[in-house]
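Residue numbers (this note's numbering): 3 to 445.
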């Protein structure tokens with residue numbers, strides 16, 4: 003008989019973030035996917051799996067081991083320690099990340115301005131934790147906003163204020179207005195979070211001219227920009243790449259967040275940040291913001307898995323540190339799928355259908371607007387009765403107003419699965435239109 007005392011806790015006694023909808027979103031969406039494994043998933047933003055091979059893991063590890071020994075001159079004991087022991091907090095592939103940024107993005111940074119993180123999610127958390135210095139600090143973010151950013155901000159008690167996005171990716175007039183409104187209220191806007199290339203969830207991109215204007219605005223308003231770029235390599239057919247904000251940044255206004263989840267291997271959970279802003283330490287020494295973020299990381303994850311870094315490092319070395327070259331097949335598959343999705347929507351919802359959608363220039367996502375509310379209850383019914391999964395756009399807004407739109411992902415499916423999923427989605431929409439024909443909510 004168990005006679006030991008038990009302690010029961012109330013969620014109200016825990017940090018408020020644990021009950022926040024932003025922290026429930028990913029768990030809920032994962033739960034629905036696991037509960038209905040036979041449903042066609044147009045929800046997950048996972049990379050295409052058909053190109054993964056276990057043999058690549060061993061090959062990349064060996065490539066990185068040889069790099070340590072032959073290029074860096076490590077002896078056997080040093081190689082052994084580098085791969086098996088706790089490692090440098092800022093990472094052991096920072097030089098290779100810097101080379102990749104130079105080759106693919108024309109970004110020149112000191113490797114010491116780079117922190118290799120446990121996925122891009124940790125990179126977000128480190129930056130937000132450092133910027134939240136007091137209760138007056140707030141973060142601006144283009145809406146709709148990636149829910150991982152909103153959740154990370156909740157964990158560090160940093161309020162998020164939305165900035166209008168729209169087809170152009172960001173409304174610069176609204177950004178300026180939001181900065182000034184916050185300051186008029188006695189608040190301190192620390193940064194604006196943006197995803198300029200094929201944003202999650204909207205699929206929107208910011209054009210080159212607006213990127214330059216955004217940097218000018220940030221300088222004029224003394225604002226940092228947090229640029230998140232997981233999808234930038236995956237432009238669709240005929241869509242040329244646009245320089246990143248960081249590549250255009252001459253005033254150290256941009257903290258750059260990168261991820262190898264989409265371009266190398268999501269299971270490795272390796273991301274990074276570039277923080278070359280200068281910070282004067284308590285002893286008067288000046289170094290990159292990355293040094294301060296590494297202090298926080300040392301208390302969160304200690305360091306990023308050396309084995310995971312070695313796999314990513316080997317993959318970089320195998321392609322001359324160019325992920326553009328490494329992702330030729332993937333880019334073609336995503337472009338094909340995005341084109342197939344858009345064409346499929348046009349066939350199933352011809353004018354004068356009230357159903358509308360955007361046509362992104364690349365990436366994983368497109369947004370479909372409908373004249374009825376789209377919520378979690380409808381997603382459950384879609385999974386159970388129609389056999390198709392998607393993501394309610396309500397998860398990407400920081401309020402409770404109804405949203406009449408859903409996000410579709412093309413990254414982890416075949417054209418045949420897209421057709422099946424769209425057929426099932428069309429049946430769901432037809433039934434919903436018959437039930438509630440009156441337009442409602444925002445899209």
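In this text, a Cβ means the ideal position worked out from N, Cα and C, and glycines have one as well.
Let me make sure I understand the geometry here. Which of the options has the alpha-carbon closest to that of residue i?
{"i": "residue 279", "options": "269, 251, 272", "result": "251"}
{"i": "residue 173", "options": "268, 142, 421", "result": "142"}
{"i": "residue 22", "options": "309, 158, 112, 134", "result": "158"}
{"i": "residue 314", "options": "169, 96, 422, 210", "result": "96"}
{"i": "residue 90", "options": "73, 317, 114, 104", "result": "114"}
{"i": "residue 337", "options": "398, 291, 434, 233", "result": "233"}
{"i": "residue 309", "options": "288, 397, 269, 282", "result": "269"}
{"i": "residue 231", "options": "247, 402, 416, 124", "result": "247"}
{"i": "residue 51", "options": "17, 267, 146", "result": "267"}
{"i": "residue 139", "options": "194, 108, 176, 99", "result": "194"}
{"i": "residue 163", "options": "135, 132, 169, 196", "result": "196"}
{"i": "residue 312", "options": "423, 79, 58", "result": "58"}
{"i": "residue 406", "options": "130, 388, 416, 377", "result": "377"}
{"i": "residue 62", "options": "85, 285, 341, 149", "result": "85"}
{"i": "residue 244", "options": "217, 198, 367", "result": "198"}
{"i": "residue 129", "options": "325, 291, 187, 419", "result": "291"}
{"i": "residue 48", "options": "187, 367, 216", "result": "367"}
{"i": "residue 213", "options": "224, 190, 229", "result": "229"}
{"i": "residue 24", "options": "357, 151, 16", "result": "151"}
{"i": "residue 30", "options": "399, 418, 379", "result": "379"}
Just checking my contact of residue i with residue j at CB under 8 Å: how many whole Å lie between their CB atoms?
{"i": "residue 127", "j": "residue 166", "result": "Not quite, the Cβ-Cβ distance comes to about 26 Å (not below 8 Å), so this is no contact."}
{"i": "residue 255", "j": "residue 227", "result": "6 Å"}
{"i": "residue 206", "j": "residue 171", "result": "5 Å"}
{"i": "residue 360", "j": "residue 372", "result": "Wrong, their Cβ atoms sit about 13 Å apart, outside the cutoff."}
{"i": "residue 81", "j": "residue 67", "result": "6 Å"}
{"i": "residue 203", "j": "residue 393", "result": "7 Å"}
{"i": "residue 328", "j": "residue 108", "result": "Incorrect: roughly 17 Å between the Cβ atoms, too far for contact."}
{"i": "residue 365", "j": "residue 426", "result": "In fact, because the Cβ distance is near 23 Å, the residues do not count as touching under 8 Å."}
Return the chain-ordered list of same chain residues with a C-beta closer than 8 Å to the C-beta of residue i, the five sequence neighbours on each side being excluded.
{"i": "residue 3", "result": "With a pLDDT of 48 at residue 3, under the threshold of 50, the modelled position of this residue cannot be trusted; read the value that follows with caution. No residues qualify anywhere along the chain."}
{"i": "residue 300", "result": "91"}
{"i": "residue 37", "result": "385"}
{"i": "residue 353", "result": "none"}
{"i": "residue 446", "result": "What is shown of the chain runs 3 to 445, which leaves residue 446 out entirely."}
{"i": "residue 415", "result": "42, 43, 44, 339, 423"}
{"i": "residue 87", "result": "308"}
Out of curiosity, what's the CA-to-CA distance linking residue i and residue j?
{"i": "residue 122", "j": "residue 274", "result": "6 Å"}
{"i": "residue 410", "j": "residue 200", "result": "13 Å"}
{"i": "residue 403", "j": "residue 438", "result": "18 Å"}
{"i": "residue 43", "j": "residue 421", "result": "12 Å"}
{"i": "residue 137", "j": "residue 211", "result": "35 Å"}
{"i": "residue 219", "j": "residue 385", "result": "44 Å"}
{"i": "residue 381", "j": "residue 102", "result": "40 Å"}
{"i": "residue 401", "j": "residue 34", "result": "22 Å"}
{"i": "residue 333", "j": "residue 28", "result": "26 Å"}
{"i": "residue 430", "j": "residue 184", "result": "42 Å"}
{"i": "residue 83", "j": "residue 26", "result": "39 Å"}
{"i": "residue 335", "j": "residue 19", "result": "38 Å"}
{"i": "residue 287", "j": "residue 295", "result": "16 Å"}
{"i": "residue 71", "j": "residue 98", "result": "15 Å"}
{"i": "residue 397", "j": "residue 221", "result": "31 Å"}
{"i": "residue 433", "j": "residue 45", "result": "20 Å"}
{"i": "residue 316", "j": "residue 10", "result": "48 Å"}
{"i": "residue 39", "j": "residue 289", "result": "49 Å"}
{"i": "residue 78", "j": "residue 192", "result": "46 Å"}
{"i": "residue 2", "j": "residue 237", "result": "Summary: the structure shown does not reach residue 2, with the chain confined to residues 3 through 445, and so no result is reported for it."}
{"i": "residue 408", "j": "residue 189", "result": "33 Å"}
{"i": "residue 168", "j": "residue 357", "result": "18 Å"}
Output needed for residue i: all residues of its chain with C-beta closer than 6 Å, excluding positions within five of it in sequence on either side, in chain order.
{"i": "residue 436", "result": "none"}
{"i": "residue 322", "result": "none"}
{"i": "residue 276", "result": "111, 115, 116, 258"}
{"i": "residue 105", "result": "323, 324"}
{"i": "residue 281", "result": "291, 294"}
Using C-beta distances below 7 Å, list every residue in its chain close to residue i, excluding the 5 sequence neighbours before and after it, in chain order.
{"i": "residue 306", "result": "93, 118, 119, 120, 272"}
{"i": "residue 350", "result": "424, 428"}
{"i": "residue 13", "result": "20, 21"}
{"i": "residue 303", "result": "120, 124"}
{"i": "residue 262", "result": "270, 272, 273, 314"}
{"i": "residue 235", "result": "265, 325, 326, 329, 333"}
{"i": "residue 395", "result": "146, 203, 369, 376, 405, 407, 408, 409"}
{"i": "residue 510", "result": "With the chain covering 3 to 445 only, the question about residue 510 has no answer from this structure."}
Closest Cβ-Cβ distance between residue i and chain C: below 8 Å?
{"i": "residue 93", "result": "Given the protein chain composition of this structure (a single chain), no chain C is represented."}
Next item on the list: Please go through the segment 272-340 and give each complete alpha helix (DSSP H) segment of 4 or more residues, from N-terminal end onward.
Entry: 291-302, 308-320, 325-328
Checklist line | Those runs of the alpha helix (DSSP H) which lie wholly inside the segment 62-96 and span at least 4 residues | finding: 78-86
Check: Which ranges does the alpha helix (DSSP H) cover as unbroken runs of at least 4 residues, wholly within the segment 191-237, from first to last along the chain?
Finding: 210-222
Check: What residue ranges within the segment 334-399 form continuous alpha helix (DSSP H) runs of no fewer than 4 residues, ordered along the chain?
Finding: 378-383
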